[in-house]
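What follows is a short report on a single structure.
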Amino acid sequence: MALIPKKNILMILISLISSSWVVYKLYQFKGWPEFKAFFSQNASNLSWTLFLITFLMFLNVSIESIKWRLLASPAEKISLKQSFIQVIKGIQWGLITPARSGEPLGKALFYKSNKRTGIIFLSLLGSFIQNGVIFIFTIISILLAGSSTEQLLNFIFERFMAIDKAAITALFLLIIFGGIVIIWFLRHRQKTFIDLLHSFGYFSALQLIQIIFLTLIRYLLFCFQLLIILHLFEPSITTSELFSVFLFYGVLTFVPSWGSGDLGIRSAIALLIFGESVISGPAIIFSTMLIWIINIALPALIPLFFNKKFNLISTANHVSTSAR
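Residue numbers (my numbering): 20 to 343.
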């Protein structure tokens with residue numbers, strides 16, 4: 020019987036603990052009648068919100084397709100349609116693998132075996148750039164939370180006032196764990212890191228600027244989607260809520276998860292970051308779950324409805340023989 024790797028066990032435990040804590044917070048919530056009444060009174064607004072964030076999802080996937088076409092160009096010239104298919108398949112594979120590690124593999128399957136390693140590295144390069152953009156915005160959002168040290172500390176204090184001690188402890192442990200993961204990566208995966216840096220040499224300065232710009236636009240669209248849903252529950256979104264959205268995606272990016280267990284972790288992190296001082300717990304959980312369903316689950320289902328068009332063998336042959 021094959022043993023489950025310790026790293027995978029840790030990710031499963033994080034997902035289970037996060038999901039259990041979210042269920043507990045929902046059980047504790049006392050305002051369910053008001054929450055249900057809000058939905059019944061704002062059905063039309065909810066419909067428009069769903070339409071808008073779904074449209075933004077397709078826009079986001081289209082931008083990612085343009086970006087992936089640029090990223091894959093050193094290995095193979097592909098069309099925008101082929102890039103879209105590979106992006107969707109990557110999302111699907113990422114959904115069913117730990118820490119979304121299957122996303123590069125899902126893309127690589129569309130290429131000949133002698134090019135798959137290069138494709139995986141190019142996909143990792145895209146993730147590296149994306150994580151860099153998210154990290155920078157996370158730091159900026161914290162710095163802009165106050166123009167002085169005292170204001171920054173007050174902002175952090177206000178964020179945590181609505182969170183119980185157990186949640187603060189959990190977030191503190193997550194931050195420590197993230198630091199350990201980074202240190203471990205730099206110590207044990209130096210070659211991978213160096214190879215990623217060398218991959219930048221495959222692109223011109225203009226191409227790198229385009230890739231970074233498209234990554235930035237995608238990130239801002241993700242943030243805008245979440246703000247739109249939160250605005251449904253709280254019309255007067257403040258600057259602190261905007262900073263909290265940036266911080267939410269920053270923490271989410273560096274916390275490991277197991278496939279669909281990401282849903283529970285998203286909700287738990289959102290409760291930690293946003294608290295419950297302005298927007299109720301169920302509203303926060305509903306918002307993050309809806310974002311997950313539309314941005315990840317829905318695109319992952321697209322290949323199931325167009326199975327023939329997403330056939331790996333025929334598409335791989337098409338990439339090899341008629342790419343432009």
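Note that beta-carbon positions come from the ideal geometry of N, C-alpha and C, so glycine has one too.
Contacts around residue i, its chain only, beta-carbon distance under 7 Å, and the 5 residues preceding and following it disregarded
| i | result |
| --- | --- |
| Leu282 | Met308 and Trp311 |
| Thr157 | Phe265, Leu266 and Gly269 |
| Leu245 | Val264, Ser306 and Ile310 |
| Gln105 | Trp87, Lys126 and Phe129 |
| Trp112 | Gly121, Glu122, Leu124 and Gly125 |
| Ser167 | Legend: pLDDT at Ser167 = 43, less than 50; position of this residue unreliable, value from coordinates given subsequently. Closer than 7 Å at Cβ, skipping near neighbours: no residue. |
| Leu319 | Residue 319 is actually Ala in this sequence, not Leu. Excluding residues within five positions, the ones whose Cβ falls inside 7 Å are Ile110, Gln111 and Leu114. |
| Pro322 | Ile107, Lys108, Gln111 and Phe329 |
| Asp183 | Since pLDDT at Asp183 reaches only 48, below the 50 mark, its modelled position is unreliable, and no value is offered. |
| Arg285 | Leu271, Thr307 and Trp311 |
| Phe70 | none |
C-beta contact flag for residue i and residue j at 9 Å
| i | j | result |
| --- | --- | --- |
| Leu351 | Leu240 | Missing from the structure shown is residue 351; the chain here goes from 20 to 343 and no further. |
| Val152 | Ile110 | no |
| Leu249 | Asn64 | no |
| Ser84 | Glu122 | no |
| Ile82 | Arg237 | yes |
| Ile247 | Thr73 | no |
| Leu75 | Phe243 | yes |
| Leu290 | Gly300 | yes |
Collapsed DSSP secondary structure at residue i in the structure displayed
| i | result |
| --- | --- |
| Tyr130 | coil |
| Phe243 | helix |
| Leu172 | Note that Leu172 has pLDDT 49, beneath the 50 cutoff, so the model's placement of it is unreliable and the number below is only indicative. Helix, per DSSP. |
| Asp183 | Summary for Asp183: the model assigns pLDDT 48, below 50, so the residue's position carries little reliability, and this model does not support an answer. |
| Asn79 | helix |
| Arg285 | helix |
| Val270 | helix |
| Ser59 | helix |
| Leu323 | helix |
| Phe265 | helix |
| Phe222 | coil |
| Glu253 | coil |
| Trp311 | helix |
Cβ-based neighbour list, residue i, same chain, cut-off 6 Å, excluding 5 preceding and 5 following
| i | result |
| --- | --- |
| Ile161 | none |
| Leu235 | Val152 |
| Pro93 | Tyr221 |
| Ser102 | Ser84, Trp87 and Arg88 |
| Ile139 | Pro123 and Ala127 |
| Arg119 | Gly113 |
| Gln149 | Thr234 |
| Asn314 | Met76 |
| Gly137 | Ala94 |
Presumed contact (8 Å Cβ cut-off) between residue i and residue j, rounded CB distance
| i | j | result |
| --- | --- | --- |
| Ile230 | Leu90 | 6 Å |
Can you check the segment 86 to 164 for any alpha helix (DSSP H) of at least 4 residues that lies completely inside it and give the ranges in chain order? Listed in chain order, the alpha helix (DSSP H) runs fully inside the segment 86 to 164 are 99 to 114, 121 to 127 and 132 to 162, counting runs of at least 4 residues.
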